[in-house]
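Heads up, the sequence shown is in the working numbering, so the first residue is -5 and it goes up one at a time.
Glycine included, every Cβ here is placed at the ideal spot set by N, Cα and C.
Computed from a predicted model, the values in this text were never measured in an experiment.
Take a look at the structure set out below.
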Amino acid sequence: MMRKNRRFCYRSVSTIVFLLGLLFWFFNVQTVSASQEKYGGEYRIPLSGDPLTLDPAFYTDIYSFNVAENLFDGLVQFSKDLRVVPAIAKRWKISRDHRTYTFLLRKGVKFHNGREVTADDFIFSFTRILDPKTKSPVISLFLDIRGAKMFYEGKAKTVAGLSATDPYTLNIELERPFAPFLSILAMINAKVVPKEAMGPDFATHPVGTGPFRFHSWEPAKNIILENNPAYFGGKPFLNRLYFRIYPNVEWEKIFSDFEKGLLDQSLIPSHKYELISNPDYKNRYTVISKPGLNLVYIAMNSALKPFGDRRVRQAVSYAADTATIVSEITKRGSVPAKGVLPPGIAGFNPRFKGYSYDPRKARELLAEAGYPGGKGIPPLEIWTVSKSESVKNEILAYQKYLADIGIQLIPKVATNWKEFIGLVNEKKVPIFYMAWYADYPDADNFLHVLFHSESKTNRMGYSDPETDKLLEQARKEMDYMTRVKLYQEIEKRVMQDAPIICQHINSFNYLFQPWVNGIHMNHLGAIYLPFQKIWIDSEKR
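Put into structure tokens, the structure is as follows:
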């Protein structure tokens, strides 16, 4: 790969300290393994809802990610320390102007149907996402490819920036430099799919190249993947993956089943967080706890009254004591969020203060907006999909805090993820509780994805031309520290507009059964847990 300009490393002592902090964060990766690997066995994983799809062109939910990461491969992937490393591409080079990427593919990589992968398959896969007929929600990720927008708008028959020199050499040319492009290519949406397998059933019967092959899916019951013995990365140890589906986000049931030995891994419910330090649990299970790259937030829909007025959004932000909510209700090692970016993301500003609890300021802003004492604001539904006691009590706390300034909240719980995301995507919900988990370790994956006016995952209807301009500028800025400063400016601007209340950053708190070995988890969490490296000690099971 082409060497990057590293002059910024020497600009100041503070910069060096900042970078060392990032390195500490990223390289603090928990690995649990043993020396005597064994083949065979079934690995049982809980899913707190059915995936919306198993088609990479449509992934936007964590349930899809959990399954699909084992079915597909892309050009590159994330390592356990979150570097971009080879996958189907064994190496690549980047032009001096940072616009052309040339990937040399491995020979002999096979789809699950037995056909070899070539550069044309990647051209097909990326073109398919950009095709308006596909209606992919992740089109924006690939619009920086030269000619992508022309193709999407029907002004060209092909994407000019995608070409193959030969079956094993892929060229991708961008319209302009795009700093996080390699990280984009490591995302689950950038996986390769075979043209001949496309059809109405592909989303439920996918064909990929991954370490496991699709076997079956019974909605609300299970998804089963089988070992792919021809996997180019080496045969997985496990015979199959069994995803047990709990359709109503039943974390108590999941944890109970784990304790009974019916599951091989489980998140630790918030009210049982103290188990992390329990000596008995540490002796019985493998405990992994680490801060994640995520943000839990309350979103206010700017497209609906009264949240079209920035002063109302600011008032709600001042009205809620999020620090108390996190310390007394959320717990589980969660860190109160002052802004959008979590620690570990370049651009995170530890000095950023965000909104403090100030009900008097909240009342003043409501009065300025024409709603003195909340008069004129009808009761507002606040939606969530989670049925956990922690989230329920967090919502009740918001209900109390907002009642103090004259705004009545009515808690609503969606039946399942599909219903919830449908309501949110259609922007029918005035206020809702949600979380964003990073797909790739870059500020772009928080600020652009959540707040650019054209982003499909901007679910709060936020739109600001200047913010859009700055986000686009940050994407093409290749100087590291200049880019960091841009994202800090963007974060400050977004927080002033207050489309969301930044509540907390979740820690990943997992338990694994004592017979599970080969666990490699990074700060993206279990979504990118490489199951092909896990093996079962059947003597302990």
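In whole angstroms, give me the CA-to-CA distance for residue i and residue j.
i: K369; j: G400; result: 7 angstroms
i: S311; j: D258; result: 40 angstroms
i: L46; j: A214; result: 12 angstroms
i: E169; j: V70; result: 21 angstroms
i: R100; j: H92; result: 23 angstroms
i: D438; j: S321; result: 29 angstroms
i: R207; j: L65; result: 6 angstroms
i: L359; j: R278; result: 53 angstroms
i: A297; j: F426; result: 13 angstroms
i: K548; j: R307; result: The displayed coordinates of the chain run from -5 to 535. Any statement about residue 548 would go beyond what the structure contains.
i: F445; j: A468; result: 13 angstroms
i: H265; j: V385; result: 11 angstroms
i: P40; j: L441; result: 30 angstroms
i: R326; j: W430; result: 18 angstroms
i: T330; j: K247; result: A small fix is needed here, since residue 330 is Pro in this sequence, not Thr. Roughly 27 angstroms separates the two Cα atoms.
i: K527; j: L390; result: 42 angstroms
i: M428; j: V290; result: 6 angstroms
i: R535; j: K422; result: 48 angstroms
i: F98; j: T112; result: A quick correction: the sequence has Leu, not Phe, at residue 98. So the alpha carbons of these two residues sit roughly 10 angstroms apart.
i: V153; j: F116; result: 12 angstroms
i: G15; j: D75; result: Unreliable placement is indicated for G15, whose pLDDT of 49 sits below 50; no coordinate value is reported for it.
i: K450; j: N500; result: 24 angstroms
i: L179; j: S119; result: 12 angstroms
i: S457; j: S447; result: 5 angstroms
i: I494; j: W509; result: 42 angstroms
i: E212; j: A184; result: 26 angstroms
Can you tell me where the beta strand (DSSP E) with residue i in it begins and where it stops?
i: T94; result: T94 to L99
i: M144; result: Careful: M144 lies outside any beta strand (DSSP E), inside the alpha helix (DSSP H) at A142 to Y146.
Helix, strand or coil, according to DSSP, for residue i in the structure here?
i: M618; result: Nothing about residue 618 can be reported from this structure: the residues present for the chain run from -5 to 535 only.
i: K74; result: coil
i: N387; result: helix
i: K185; result: coil
i: M475; result: helix
i: P459; result: helix
i: W86; result: strand
i: F426; result: strand
i: T47; result: coil
i: L16; result: Reliability of the predicted coordinates at L16 is poor, the pLDDT of 48 falling under 50, and the value obtained from them is presented with this limitation in mind. Three-state DSSP puts L16 in a helix.
i: Y57; result: helix
i: M(-4); result: Caution applies to M(-4), whose pLDDT of 38 falls short of 50 and renders its modelled position unreliable; the value that the coordinates give is listed next. In this structure, M(-4) counts as coil in the three-state DSSP scheme.
i: P405; result: strand
i: Y431; result: strand
i: I123; result: helix
i: I528; result: coil
i: Q467; result: helix
i: F414; result: helix
i: L298; result: coil
i: G368; result: helix
i: R535; result: coil
i: M489; result: helix
Would you list the residues sitting across from residue i in a DSSP beta bridge?
i: N572; result: Missing from the structure shown is residue 572; the chain here goes from -5 to 535 and no further.
i: P40; result: R238
i: P80; result: V70
i: H498; result: V290 and P330
i: F506; result: Q259 and T280
i: K104; result: E110
i: I139; result: L168
Can you give me the start and stop residues for the alpha helix (DSSP H) that residue i sits inside?
i: E375; result: That residue, E375, is in no alpha helix (DSSP H); its beta strand (DSSP E) goes L374 to T378.
i: L135; result: Taken as a continuous stretch (DSSP letters only), L135 belongs to no alpha helix (DSSP H), as it is neither H nor E.
i: L444; result: D438 to F445
i: A309; result: R304 to A313
i: F175; result: F175 to L179
Using a Cβ cut-off of 8 angstroms (strictly closer), state whether residue i contacts chain D.
i: T378; result: Chain labels in this structure do not include chain D; a single protein chain is all it has.
- Item | Minimum length 3: unbroken beta strand (DSSP E) runs contained in the stretch 207 to 285 | 216 to 221, 234 to 239, 259 to 261 and 280 to 285
- Item | Those runs of the beta strand (DSSP E) which lie wholly inside the stretch 320 to 364 and span at least 3 residues | none
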